[in-house]
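Asker: Structure below; questions to follow.
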Amino acid sequence: MQKIDSEHQKIKQAAVKTLHQNSILAMHVIASGESPARTRLRRLRDLTTLI
């Protein structure tokens with residue numbers, strides 16, 4: 012259970028960092044081939060779907 016919580020926390024932290032810093036968002040956009048809007052939406056989902 013502790014490991015799962017730790018993994019969820021890391022995903023949430025990465026999502027917050029991506030949404031907060033445009034340079035990190037740009038790297039994710041380039042790496043994934045998605046539009047910036049799609050990448051933002053995916054990261055927002057990471058924040059809201061994990062408990």
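Going by this note's numbering, the sequence shown opens with residue 12, and the numbers climb by one from there.
Cβ atoms here follow ideal geometry from the backbone N, Cα and C, with glycine treated the same way.
The model shown is predicted, which means the values in this text are computed figures rather than measured ones.
Report the three-state DSSP secondary structure of Ser34 (helix, strand or coil).
Answerer: helix
Asker: Do you know how far the Cα of Thr50 is from the Cα of Ser43?
Answerer: 8 Å
Asker: Just the C-alpha distance for Ile35 and Ile41, rounded to the nearest angstrom, thanks.
Answerer: 10 Å
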